[in-house]
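Engineer: Quick note on our numbering: the sequence shown kicks off at 980 and runs consecutively. Here's a structure for you.
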Amino acid sequence: MITDELPYSELRYRRLFEAARDGILIVDPETRKIVDVNPFLMEFLGYDYGEFIGKELFEIGLLKDEAASQAAFRQLQATGYIRYDDLPLETKDGRRLDVEFVSNLYQDGDQQVIQCNIRDISARKLAKTALRESEERFKLVARAVSDVVWDWNLTTGSLWWNDGFLTTFGFIAGEIAPSVEFWTSRIHPDERSRVAEVIQQSLATAEESWTTEYRFKRKDGSYAFVRDHGYILRDGDGKGVRMVGGMRDLTEQKIMEAQYLRAQRMEGIGTLAGGIAHDLNNVLTPIMMSIELLKADSDNDPARRKILDVINISCRRGAELVRQVLSFARGLDGQRVAIRLWRLIDDLEGIIGGTFPSNIKIVTQVPDELWPITGDPSQLHQVLLNLAVNARDAMPQGGTLTFSASNLMLDAQFAGTSREAKPGPHVLLQVGDTGVGIPPEVRERIFEPFFTTKQPGQGTGLGLATVHTIVKSHGGFLDVESEVGRGTAFKIYLPAGLPRQTADSVLPIPTDLPLGRDELVLVVDDEFSIRLITQQTLEAFGYRVITACNGAEAIALYAKQPEQIAVVLTDMMMPIMDGAATIEVLMHINPSVKIIVASGIASRENLAKATRVDVHDFLAKPYTAPTLLKQIRDVLDRPANIMR
Ligand code: ADP
Ligand code: MG
980 MITDELPYSE LRYRRLFEAA RDGILIVDPE TRKIVDVNPF LMEFLGYDYG EFIGKELFEI
1040 GLLKDEAASQ AAFRQLQATG YIRYDDLPLE TKDGRRLDVE FVSNLYQDGD QQVIQCNIRD
1100 ISARKLAKTA LRESEERFKL VARAVSDVVW DWNLTTGSLW WNDGFLTTFG FIAGEIAPSV
1160 EFWTSRIHPD ERSRVAEVIQ QSLATAEESW TTEYRFKRKD GSYAFVRDHG YILRDGDGKG
1220 VRMVGGMRDL TEQKIMEAQY LRAQRMEGIG TLAGGIAHDL NNVLTPIMMS IELLKADSDN
1280 DPARRKILDV INISCRRGAE LVRQVLSFAR GLDGQRVAIR LWRLIDDLEG IIGGTFPSNI
1340 KIVTQVPDEL WPITGDPSQL HQVLLNLAVN ARDAMPQGGT LTFSASNLML DAQFAGTSRE
1400 AKPGPHVLLQ VGDTGVGIPP EVRERIFEPF FTTKQPGQGT GLGLATVHTI VKSHGGFLDV
1460 ESEVGRGTAF KIYLPAGLPR QTADSVLPIP TDLPLGRDEL VLVVDDEFSI RLITQQTLEA
1520 FGYRVITACN GAEAIALYAK QPEQIAVVLT DMMMPIMDGA ATIEVLMHIN PSVKIIVASG
1580 IASRENLAKA TRVDVHDFLA KPYTAPTLLK QIRDVLDRPA NIMR
């Protein structure tokens, strides 16, 4: 209480005591009882003056109990000072607080006095806990995200990043330590100064954050395309002191986007060109028809005929162009039959072998056991031809043109890397050359319709666009590898599988089935559906097939080409001439003929009939495709003389 009687220094002390924003208690060291309390503490704890005076400290909850109180006072007597950083304290109305408690013993005139200062630290403690929790949360989040998270202290220059940095860019734990220098050194040299400028700029202005994209070098030396996003933390003066941010690898996304855009562009041009081609067709048709009429009129005018021939040739070229444009613009719904690719390649080799310059060497690498594919043979023929012609054009000085094919099982992993690829069995067709190669900027556009680098009249720019459309309509996709000056390889991936109408076309393809090597098989059966399905199956697996619907027809066919027919598959019960009689005649024509008997009536009598003519190989009806294929391969692979 401030009264006028107090001496000046006492008055000043009193003022401080009353105005303090800390709680203050005065305790008598003899009795350990409270003798004075300042207003702040009264208000803080909710007790009034009378409730403090005469109490011991533990009675207002400041020390735990009497024993604690005794210990504290002993220490005070000994050292003159005690301090507790963090004591729990309850207010009168039951609120729990945390306080800092400092106590001093000093001499006041001729008596000793204890002064206790009590400071509320609850808010400080809460903030501390919150900070710790938020830092822990940050660390957890940084660990949980697969993106890169970084934290850059601008004052010290130190940088921290999460493990996402390592995994994203191909490093292993402990291999590199975070540093601004390391980060900078991996930014593509062309983009370093731009990135630095973006950051400097946003630091200099009052920006809260910045975003930029740049190429960032992975451990393996390749560049990832990243988007980096930083938030700036500033001090009271607005100076940037810390930046926290994230980097995301957008490489995959960019590739997909580019693929998508390219496909879109092609579709657009395709639709447009399709429309024009259609109209052009209508323009060309009457011209071509008129030429014929005019020709008939000009029998004895050779000069005029010559002019008409020139017009005719030009018209046909125009019509051919229109046909090509339409063939890639239309969805191309060609035939769907089983295709033996190596025959296709064989055919093509025949054609180009005669027409390509002799300084181009043609090599084919096709394994015997290629999986069958389904498609339109003439379209696929065109694919190979277009690629071959391009290869020729790329090798004006000569070189090697390679056709190769292989079986390939695409897994989900592979399929994931391309927008068009699907997992499953595929046949990979490759057409390679040792020509001039394709520069990267050209590479981007080669599949576009009408894109050509050739002289006018030499290229239409439709070859690869057509290839692309055909391959796509076959459910496949393609890829190109090229090195300028070394050559180019086009890779065509076609899904393997038999046509849907074939009973045994169940995917995945049994890969262990024995395949034909283009041997000719004569299938004899009076039932049409059996002939059809047997023919389709055998053709799908690499055989050529001719059929007969009774014994007489079979004999006639066999007699014409006994050398070519490798094996005869015959039914037993047939009208006109049954199996047994047929076999007899066949063996008469060729004693070492290979025959497989298929019979639905596996009765002893029937068998005896068959064995009378001593047929070794018997196939019980109904049979599955694998049984048929194994049986045929067995018989064909067996030398003729040990057949019987
Ligand atoms: P065109 O052959 O009529 O020019 P294409 O669509 O067949 O049209 O090919 C487009 C372009 O792709 C060609 O002009 C050429 O620049 C490039 N190209 C295609 N195949 C090859 C190859 N094997 N080697 C080098 N460049 C090629
Ligand atoms: Mg071409």
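Built from N, CA and C at the ideal position, the CB exists for glycine as well. For clarity, every value in this text was computed on a predicted model and none was experimentally measured.
Can you grab the Cα-Cα spacing for the pair residue 1489 / residue 1402, in whole Å?
Structural biologist: With a pLDDT of 47 at residue 1489, under the threshold of 50, the modelled position of that residue is not reliable, and no figure is offered here.
Engineer: Residue 1268: buried (16+ other C-beta within 10 angstroms of its C-beta) or exposed?
Structural biologist: exposed
Engineer: Indicate whether the contact test is met: 3 or more Cβ pairs, each with one atom in the stretch 1022 to 1032 and one in the stretch 1069 to 1077, closer than 8 Å.
Structural biologist: yes
Engineer: Would you say the stretch 1534 to 1541 touches the stretch 1333 to 1345, given that touching needs at least three Cβ pairs under 8 Å?
Structural biologist: no
Engineer: For residue 1369, count neighbouring Cβ atoms within 10 angstroms of its own Cβ and tell me buried if that reaches 16, exposed if not.
Structural biologist: buried
Engineer: Starting from residue 1219, follow its DSSP beta bridges and name the residues at the other end.
Structural biologist: 1213
Engineer: If you draw a straight line from the alpha carbon of residue 1035 to that of residue 1064, how long is it in whole angstroms?
Structural biologist: 20 Å
Engineer: Specify, as a first and last residue, the run of the beta strand (DSSP E) that residue 1405 falls within.
Structural biologist: 1403 to 1412
Engineer: For residue 1389, which option in 1475, 1425, 1360, 1143 has the closest C-alpha, if you only look at C-alpha atoms?
Structural biologist: 1475
Engineer: Just to confirm, does residue 1461 get its C-beta within under 8 Å of one of the non-hydrogen atoms of the ligand ADP?
Structural biologist: yes
Engineer: Assign residue 1374 to one of three DSSP states: helix, strand, or coil.
Structural biologist: coil
Engineer: Assign residue 1228 to buried or exposed, taking buried as 16 or more other Cβ atoms, counted over all protein chains shown, within 10 Å of its Cβ.
Structural biologist: buried
Engineer: From this set, 1167, 1449, 1140, which residue's C-alpha is nearest residue 1152's C-alpha?
Structural biologist: Ranked by how close their Cα comes to the Cα of residue 1152, the residues 1167, 1449, 1140 have 1140 in first place.
Engineer: Going along the chain, which residues of its own chain have a beta-carbon closer than 7 Å to the beta-carbon of residue 1291, five neighbours each way excluded?
Structural biologist: 1270.
Engineer: Does the Cβ of residue 1550 lie closer than 8 Å to at least one heavy atom of the ligand ADP?
Structural biologist: no
Engineer: Taking 8 Å as the cut-off, is the CB of residue 1368 close to at least one heavy atom of the ligand MG?
Structural biologist: Taken from the Cβ of residue 1368, at least one heavy atom of the ligand MG lies inside 8 Å.
Engineer: Please indicate yes or no: does the CB of residue 1414 lie closer than 8 Å to some heavy atom of the ligand MG?
Structural biologist: No - the ligand MG has no heavy atom lying nearer than 8 Å to the Cβ of residue 1414.
Engineer: Once you ignore the five residues that flank residue 1514 on each side, which residues in its own chain have a CB closer than 7 Å to its CB?
Structural biologist: 1502, 1524, 1526
Engineer: Taking the runs of the beta strand (DSSP E) that are 3 residues or longer, which of them lie wholly in the stretch 1064 to 1094?
Structural biologist: 1075 to 1087
Engineer: Once you ignore the five residues that flank residue 1443 on each side, which residues in its own chain have a CB closer than 6 Å to its CB?
Structural biologist: Residues 1425, 1426 of the same chain have their beta carbon placed closer than 6 Å to that of residue 1443, with the five preceding and five following residues left out of the count.
Engineer: Measure the beta-carbon distance from residue 1096 to residue 1005 and round it to whole angstroms, keeping in mind my assumption that it falls under 8 Å.
Structural biologist: Wrong, their Cβ atoms sit about 11 Å apart, outside the cutoff.
Engineer: Between the beta-carbon of residue 1225 and the beta-carbon of residue 1214, is there less than 9 Å?
Structural biologist: no
Engineer: In the DSSP assignment, what residue or residues form a beta bridge with residue 1152?
Structural biologist: Partner residues in a beta bridge of residue 1152, as assigned by DSSP, do not exist.
Engineer: Quick one: is residue 1080 buried, meaning 16 or more other Cβ sit within 10 Å of its Cβ, or exposed?
Structural biologist: buried
Engineer: Do residue 1442 and the ligand ADP come close, with the Cβ less than 8 Å from some heavy atom?
Structural biologist: yes
Engineer: Pairing CB atoms from the stretch 1410 to 1424 with CB atoms from the stretch 1367 to 1381, are three or more of them under 8 Å?
Structural biologist: yes
Engineer: Taking Cβ to Cβ, would you say residue 1108 is nearer than 9 Å to residue 1125?
Structural biologist: no
Engineer: Excluding the 5 residues flanking residue 1331 on each side, which residues of the same chain have their C-beta closer than 6 Å to its C-beta?
Structural biologist: 1367
Engineer: For residue 1263, collect the residues of the same chain with a Cβ closer than 8 Å to its Cβ; drop the 5 residues on either side in sequence, then sort them by chain order.
Structural biologist: 1294, 1297, 1298, 1301
Engineer: With H, G and I counted as helix, E and B as strand and the rest as coil, what does DSSP make of residue 1597?
Structural biologist: Correct three-state label for residue 1597: strand.
Engineer: Note down, in chain order, each residue of its chain lying with its Cβ closer than 8 Å to the Cβ of residue 1391, except the 5 sequence neighbours on either side.
Structural biologist: 1402
Engineer: Quick one: any contact between the stretch 1255 to 1262 and the stretch 1444 to 1462, if contact means 3 or more CB pairs under 8 Å?
Structural biologist: no
Engineer: Along the chain, where does the beta strand (DSSP E) containing residue 1500 start, and where does it finish?
Structural biologist: Run containing residue 1500: 1499 to 1503, per the beta strand (DSSP E) assignment.
Engineer: Under 8 Å from any heavy atom of the ligand MG, does the C-beta of residue 1338 make it?
Structural biologist: no
Engineer: Any chance the CB of residue 1373 is under 8 Å from a heavy atom of the ligand ADP?
Structural biologist: yes
Engineer: Run through the DSSP bridge pairs and tell me what residue 1457 is partnered with.
Structural biologist: 1471
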